[in-house]
Amino acid sequence: MSLPNLNEARKRTNNKVNYIYLDDNYDKSTFKNKKYFLRTYGCQMNVHDSEEIASRLESLGLTETEKLENADVVILNTCAIRENAHDKLFGFLGRCKHEKEHNNKNMIIGICGCMAQEENVVNELMKKHPYVDIVFGTHNIHELQELLINRSNKQNISVYSCEGDVYENISYKRDSLIKAWVNIQYGCDKFCTYCIVPYTRGKQRSRKSEEIIKEVESLVEKGYKEVTLLGQNVNAYGKDLDEITFAELLSKVSDTGIERVRFVTSHPWDFTEEMIDVIAKRDNIMPYIHLPLQSGSSRILKLMGRRYTKEEYLDLYKKIKDKVKNVSITTDIIVGFPNETEEDFKETLDVVNKCQFDSAFTFIYSPREGTPAAKMEDKVTLEEKNNRLQELNKLINDYSLKANQKYLDRVVPVLVEGINEKDNNKTFGYTDTMKLVNIQGDKKNIGKIVNVKITDAKSFSLDGIEV
């Protein structure tokens with residue numbers, strides 16, 4: 033048994049990262065005729081981790097089911113960013129417990145992901161949820177098959193609080209045959225005062241560029257149209273390698289000929305002019321950038337440990353807008369950071385008014401145990417925070433609608449991804465600027481980039497007709 037340790041997770045050394053090439057080979061009859069249920073909470077990195085988890089489960093002979101009651105193995109891949117993710121997990125665990133106790137006593141329940149890296153969560157699982165069979169973290173997904181094969185009647189917790197390694201030769205059961213996630217960087221060393229990610233994901237470490245290019249080239253050969261380069265701090269890629277920058281990697285990925293390249297999530301601190309120039313010059317690097325603001329107040333940004341001021345963010349925003357044609361910029365904003373004043377909040381609104389973001393993910397600050405911000409005394413009431421969030425959301429939605437209305441009567445390229453869930457007679461897809469479009473068009477064009485004339489604009493989506 034290996035338990036998470038916050039003090040160990042906090043450590044950063046100059047030790048070299050190990051690059052480990054996996055050579056998995058499992059007997060598919062191990063769990064023959066058994067089914068698995070996999071639920072994912074959180075960010076794109078978790079979604080991609082679940083693609084690896086699914087592949088590992090199927091290497092043992094398991095097949096997927098979307099119904100909990102049909103599952104022999106249940107894996108919940110968790111997120112630690114906000115408290116509501118914690119509540120969702122433990123709420124769903126109640127259903128799992130009921131199913132195991134009343135309908136399937138042999139059901140294997142596993143918890144993984146970022147919450148598994150938290151001491152308080154694991155302590156709660158040990159004390160109150162003994163029916164959970166296995167717990168593993170972000171550093172040892174590759175051990176999943178062994179954990180299942182060698183499980184015992186006792187709860188097995190295998191979580192490493194470490195800086196982390198880089199694993200290659202990973203197999204994925206990808207959710208799409210059209211677009212794919214590609215990890216390029218893991219972990220984070222920024223230690224923003226509100227954020228648990230540096231503790232749950234380890235230190236900043238980059239994959240070797242040749243492995244990334246090999247993976248993208250393989251996806252091109254398989255007919256994929258789009259890749260999204262993933263990292264907790266994606267544009268810090270290469271800083272630990274001293275041989276390549278993120279801008280240079282973008283150029284190499286572009287050179288593979290993949291039709292669309294995206295990347296998430298960027299930190300303004302690491303967004304260089306070299307990056308901007310590459311994005312501006314390369315037609316297959318999409319003019320869409322997610323650039324987290326978090327707060328428009330320089331005072332709050334300093335307390336958050338964000339390493340930039342309001343003015344520096346606005347200057348970067350302007351550089352991107354000036355150089356990248358038709359660029360769409362989205363953001364993240366936290367409301368109600370400890371002791372955020374009304375003046376601080378007005379500074380955030382001022383940035384929103386100046387930038388007029390295409391859209392934004394907005395949240396009330398959620399304290400994460402073990403982070404510096406969680407220890408800060410906070411005199412702002414929840415009512416005030418809720419009022420600020422509502423005011424901010426109204427402004428964001430107004431600008432989202434305004435941005436989308438600019439597309440009316442324009443013909444834009446859209447990658448068609450599938451059948452519209454609300455109307456089977458329509459398809460859906462995304463523009464190069466990451467706008468969701470509901471399309472009247474031929475279903476045979478799923479998987480293709482087609483021209484679509486935009487006929488209607490809402491705050492969160494567009495409607496259009498293939499032309």
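Per my numbering, residue 33 is the first one in the sequence shown, and the count goes up by one each step.
Note that CB positions come from ideal geometry on N, CA and C, so glycine has one too.
Is the beta carbon of residue i sitting closer than 8 Å to the one on residue j?
i       : j       : result
Ala-392 : Pro-399 : no
Thr-363 : Phe-395 : no
Asn-201 : Gly-145 : no
Phe-303 : Asn-267 : yes
Thr-465 : Ser-360 : yes
Glu-84  : Tyr-204 : yes
Asp-274 : Arg-237 : no
Tyr-431 : Lys-467 : no
Leu-38  : Gly-402 : yes
Glu-379 : Gly-337 : no
In the DSSP assignment, find the unbroken alpha helix (DSSP H) run with residue i in it and report its ends.
i       : result
Phe-393 : Premise fails: Phe-393 lies in the beta strand (DSSP E), 391 to 396, not in any alpha helix (DSSP H).
Thr-380 : 374 to 387
Ala-435 : 414 to 437
Tyr-349 : 342 to 355
Leu-89  : 76 to 90
Phe-278 : 278 to 287
Ile-181 : 176 to 181
Val-154 : 151 to 160
What does DSSP give as the partner residues of residue i in its beta bridges?
i       : result
Cys-144 : Asn-109
Trp-213 : Thr-260
Pro-445 : Asn-483
Leu-70  : Ile-107
Ser-238 : Gln-217
Thr-465 : Answer is none; Thr-465 lacks a bridge partner.
Tell me whether residue i sits in a helix, a strand or coil according to DSSP, three-state version.
i       : result
Tyr-58  : coil
Leu-35  : coil
Asn-188 : strand
Gln-472 : strand
Thr-232 : helix
Gln-326 : strand
Ile-486 : strand
Ser-491 : coil
Gln-264 : coil
Arg-42  : helix
Glu-401 : coil
Ile-332 : helix
Phe-122 : helix
Glu-275 : coil
Grab the span of the beta strand (DSSP E) containing residue i for me, first residue to last.
i       : result
Ile-361 : 360 to 367
Glu-200 : 198 to 200
Val-167 : 166 to 168
For a test of your reading of the model: does the CB of residue i fall under 7 Å from any non-hydrogen atom of the ligand HEM? Yes or no.
i       : result
Val-412 : In the structure on display, the ligand HEM does not appear, and there are no ligands present to speak of.
Could you tell me whether the region 279 to 294 touches the region 243 to 254, where touching means 3 or more Cβ pairs closer than 8 Å? Touching, per the Cβ criterion.
Within 8 Å, do at least three Cβ pairs link the region 74 to 94 to the region 120 to 139? The region 120 to 139 makes no contact with the region 74 to 94; the number of CB pairs closer than 8 Å stays below 3.
Does the region 177 to 185 come close enough to the region 249 to 265 to have 3 or more Cβ pairs within less than 8 Å? Proximity of the region 177 to 185 to the region 249 to 265 falls short of the contact definition, fewer than three beta-carbon pairs being nearer than 8 Å.
Count the CB pairs spanning the region 217 to 233 and the region 137 to 156 that are closer than 8 Å, and state whether there are at least three. Touching, per the Cβ criterion.
Given 8 Å, three or more beta-carbon pairs between the region 181 to 193 and the region 99 to 113: Fewer than three beta-carbon pairs drawn from the region 181 to 193 and the region 99 to 113 are found closer than 8 Å, and the two stretches are therefore not classed as touching.
Does the contact criterion of 3 or more C-beta pairs under 8 Å hold for the region 452 to 460 versus the region 417 to 426? By the Cβ test, the region 452 to 460 is not in contact with the region 417 to 426, since fewer than three Cβ pairs between them sit closer than 8 Å.
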